Amino acid sequence: MLQSASDALPLAGPRGAPIAPPLPEAALGEARAAPARVMPGRAASSGAPRVVIIGSGFGGLACAIRMLCKGYRVTVLERLDQPGGRASVFTQDGFTFDAGPTIVTAPFLLEELWALAGRRFADDVDLRPMNPCYRIRFDDGTHFDYQREPQAMIEEVRRVSPQDVGGLHAFMAEADRCFRLGYEGLGTVAFESLGDLFAALPAMVRMRAWRSIYQMASRHFKSEKLRQVFSFHPLLIGGNPMSVTSVYSLIPSLERIHGVHSAMGGTGAIVRAMARLIGELGGEIRLGADVARIRVVDQRARGAILASGERVDADIVVSNADSAWTYKHLLKAEPRRVWTDRKVERAAYSMGLFVWYFGTRRRYPDIPHHMILLGPRYRELLGDIFDRKVLADDFSLYLHRPTATDTSLAPEGCDTFYVLSPVPHLEAGIDWASRAEPYRQRIAQMLGDTVLPGLSEAICTERYLTPADFESRYLAFKGAAFGMEPRLLQSAWFRPHNRSEDIRDLYLVGASTHPGAGIPGVLTSAKVLDSIIPPAARVARAQAVL
Ligand SMILES: Cc1cc2nc3c(=O)[nH]c(=O)nc-3n(C[C@H](O)[C@H](O)[C@H](O)COP(=O)(O)OP(=O)(O)OC[C@H]3O[C@@H](n4cnc5c(N)ncnc54)[C@H](O)[C@@H]3O)c2cc1C
44 MLQSASDALP LAGPRGAPIA PPLPEAALGE ARAAPARVMP GRAASSGAPR
94 VVIIGSGFGG LACAIRMLCK GYRVTVLERL DQPGGRASVF TQDGFTFDAG
144 PTIVTAPFLL EELWALAGRR FADDVDLRPM NPCYRIRFDD GTHFDYQREP
194 QAMIEEVRRV SPQDVGGLHA FMAEADRCFR LGYEGLGTVA FESLGDLFAA
244 LPAMVRMRAW RSIYQMASRH FKSEKLRQVF SFHPLLIGGN PMSVTSVYSL
294 IPSLERIHGV HSAMGGTGAI VRAMARLIGE LGGEIRLGAD VARIRVVDQR
344 ARGAILASGE RVDADIVVSN ADSAWTYKHL LKAEPRRVWT DRKVERAAYS
394 MGLFVWYFGT RRRYPDIPHH MILLGPRYRE LLGDIFDRKV LADDFSLYLH
444 RPTATDTSLA PEGCDTFYVL SPVPHLEAGI DWASRAEPYR QRIAQMLGDT
494 VLPGLSEAIC TERYLTPADF ESRYLAFKGA AFGMEPRLLQ SAWFRPHNRS
544 EDIRDLYLVG ASTHPGAGIP GVLTSAKVLD SIIPPAARVA RAQAVL
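Numbered according to the numbering used here, the sequence shown spans residues 44 to 589.
This is the structure we're talking about:
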């Protein structure tokens, strides 16, 4: 019986019950196997200031590790029954499904977290490089294998469109410039003032940030297929390639420099390792702790009030919840100068996702770990999703087959899959209760007719998530899968700041704050917080003076 994941995953345990450390067996999985090591002197003293972090997405967990290393006592409050947020894990009938992120592109950011704690990431997580990074299949049945190695990439471009080899060099040179200026230069700047914005303008001009990434790709490639191959990346972080700034060409550069990786055991293995590290550093993760509102005293965040009525006090509050949700719902009663309900409502949000998770009783050895299936329309389909907000008859899909790398994620002789289709967010008014099943069937038909022959007979377990589930499960504003859309005028200074503009001692981390969505983005947002939250000792000294 097919059901949506939010129906099928009731929260475990009483809401608000303290569960960690240590985390329950189910949440930790195989991460428990490693012996617990606590860094000497790392555990904060009992009198140290306390940080409460609302949400345990990648951003919240990374922030927790950084705050513990700064000497704070840390409590993470997570409403779900497991850590990870969009990166949570469903297990069903012997299959393991990563619910969200699967492509890991900036391992150095994870290594950096472990290094801060005096540890080695590689001791806890087995990350494997993907080669090729992924396959892009066009609607005419031909494909492009996206290569990391430069010579292999040149050969692949030559195979598809010989006249575009020169364009590849020019495109990658520009993309590398965007990576240096946009990511390395501006990614970790907190963008707290207009001065920060003005200081960034020369770099924005050098990156010609006013162009869309599709315009940039079109300038360098004559082949429409290659224009799509080198412009689709913003979809991975919720942006429309037709309107998102060309600065996001930094993603192809990031992939080339640092590679595309997958974790053995799935992305969930990274989450479990982060959660375990937090426990070992003396932090606490409370699952089933649903924050109803942020407690504000004299315009300062002073903790959280749970749905159960329990009060959790803190000196600093970090929200890893959607920034729109944070302002509109968790600070509902507070006067807000900048992020008013009107401003939150009027912002543009990323697309929604329809994600269908399924297991097959047979294997499909020809399907790579990561595959993108582009449909017959590109620009027009993006217009349907982002502008006209209608559910189109055709689709472009991302197909994930983790068992290509790690067979332990399915029973023997079986394959684990998920397929993801970008769709309009909830503003479109699509009735997902009635539209989801026919939509799933159309996707199944398309996959069965193309890359997964015999699919309908092979399926032995399945479930799906719709934008309505994103709203109810993750409290995603408008069911948007990646928070606020990463348009130029919703980026950097224009995005909700990492240090709240409205409430003192409130900070934001995660996809809907600077720099944006995706694992690299949210890990970087935790790094930004590290640069603006003072060390615990300084806060403690200031409190002692008062
Ligand atoms: C299907 C899918 C595929 C993706 N694929 C990739 C990929 O391959 N590579 C990549 O880099 N990125 C990918 N992304 C994007 C990436 O997963 C996200 O941008 C990132 O994980 C978001 O992390 P976050 O820190 O913003 O927190 P989130 O994951 O959004 O977690 C926030 C947490 O806060 C909790 N919370 C919210 N409100 C409350 C409250 N009131 N009380 C208590 N807890 C609360 C939620 O339950 C949730 O656990 C994908 C996203 C999706 C949805």
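The C-beta atom is built at its ideal place from N, Cα and C for all residues, glycine as well. The structure presented is a predicted model; accordingly, all values stated were derived computationally and were not measured.
Item                                                                                                                                                                                                      : Value
What is the residue span of the alpha helix (DSSP H) that Ser477 lies within?                                                                                                                             : Trp475 to Asp492
Taking DSSP as the reference, what is the three-state secondary structure of Asp430?                                                                                                                      : helix
Rounded to whole angstroms, what is the Cα-Cα separation between Phe460 and Met414?                                                                                                                       : 11 Å
Look up Pro144 in the DSSP assignment and say whether it is helix, strand or coil.                                                                                                                        : coil
Going by CA-CA distance only, name the one from Leu330, Val494, Phe187 and Phe273 that's closest to Pro408.                                                                                               : Val494
Looking at Met527 and Ser568, is the spacing between their C-beta atoms short of 7 Å?                                                                                                                     : no
Using only the alpha-carbon positions, how far apart do Gly209 and Trp253 sit?                                                                                                                            : 24 Å
Within 10 angstroms of the Cβ of Val381, are there 16 or more other Cβ atoms? Answer buried if so, exposed if not.                                                                                        : exposed
Which value, in whole angstroms, describes the spacing of the CA atoms of Ala107 and Val117?                                                                                                              : 6 Å
Taking buried to mean at least 16 other C-beta atoms within 10 Å of its own C-beta, is Lys375 buried or exposed?                                                                                          : exposed
Return the chain-ordered ranges of every beta strand (DSSP E) run that is complete within the stretch 439 to 468 and spans a minimum of 3 residues.                                                       : 440 to 443 and 458 to 466
In terms of alpha-carbon separation, which member of Asp545, Leu508, Ser515 and Ile337 lies closest to Tyr482?                                                                                            : Leu508
Here's a check: name, in chain order, each residue in its chain whose Cβ is nearer than 8 Å to the Cβ of Thr148, leaving out the five neighbours to either side.                                          : Ile294, Leu297, Glu298, His301, Gly302, Val303, His304, Gly561, Ile562 and Pro563
Identify the residues that DSSP records as bridge partners of Val334: which are they?                                                                                                                     : Leu349
Output the boundary residues of the beta strand (DSSP E) element that contains Val232.                                                                                                                    : From DSSP, Val232 is part of no beta strand (DSSP E); its letter is neither H nor E.
Can you look up Ile313 in the DSSP assignment and give me helix, strand or coil?                                                                                                                          : helix
Does Ser593 come out as helix, strand or coil in the three-state DSSP assignment?                                                                                                                         : In the structure displayed, the chain extends from 44 to 589; residue 593 sits before or after that span and is not available.
Mind checking Phe151: buried by the 16 CB within 10 Å criterion, or exposed?                                                                                                                              : exposed
Distance check for Arg109 and Glu121, CA to CA, integer angstroms please.                                                                                                                                 : 18 Å
Which runs of the alpha helix (DSSP H) fall wholly inside the stretch 168 to 224 and span at least 4 residues, in chain order?                                                                            : 193 to 203 and 208 to 221
Whether or not the stretch 360 to 375 and the stretch 385 to 400 are in contact is what I'm after, with contact meaning three or more pairs of Cβ atoms, one per stretch, closer than 8 Å; do they touch? : yes
Check whether the stretch 495 to 507 touches the stretch 387 to 406, counting contact only when three or more Cβ pairs, one atom from each stretch, lie closer than 8 Å.                                  : yes
By a C-beta neighbour count over all protein chains shown, 10 Å radius and 16 as the cutoff for buried, is Asn174 buried or exposed?                                                                      : exposed
Quick one: give me the first and last residue of the beta strand (DSSP E) that Val552 is part of.                                                                                                         : Note, Val552: premise wrong, no beta strand (DSSP E); not H, not E.
Tell me whether Phe241 is buried or exposed, calling it buried when 16 or more other Cβ atoms sit within 10 Å of its Cβ.                                                                                  : exposed
Please report the straight-line C-alpha distance between Glu514 and Thr310, rounded to a whole angstrom.                                                                                                  : 22 Å
Whole angstroms are fine: how far does the CA of Arg163 sit from the CA of Met82?                                                                                                                         : Residue confidence is low: Met82 scores 35 on pLDDT, short of 50, so the model does not pin down where it sits. Its coordinate-derived value is still stated next. Those two C-alpha atoms are separated by around 13 Å.
Distance, Cα to Cα, Arg612 vs Asp437?                                                                                                                                                                     : In the structure displayed, the chain extends from 44 to 589; residue 612 sits before or after that span and is not available.
So is the beta-carbon of Leu120 under 6 Å away from any non-hydrogen atom of ligand 1?                                                                                                                    : yes
Say the cut is 6 Å; is the CB of Arg191 nearer than that to a heavy atom of ligand 1?                                                                                                                     : no
Is the beta carbon of Ala524 sitting closer than 7 Å to the one on Gly426?                                                                                                                                : no
For Val203, tell me which candidate among Ala216, Ala357, Leu269 and Val232 has the shortest Cα-Cα distance.                                                                                              : Leu269
Pick helix, strand or coil for Leu120, following the three-state DSSP scheme.                                                                                                                             : strand
Between the alpha carbons of Arg379 and Asp545, how many angstroms are there, rounded?                                                                                                                    : 6 Å
Kindly indicate which three-state DSSP category Val287 falls into: helix, strand or coil?                                                                                                                 : coil
In angstroms with no decimal places, state the Cα-to-Cα distance between Leu224 and Ser289.                                                                                                               : 12 Å
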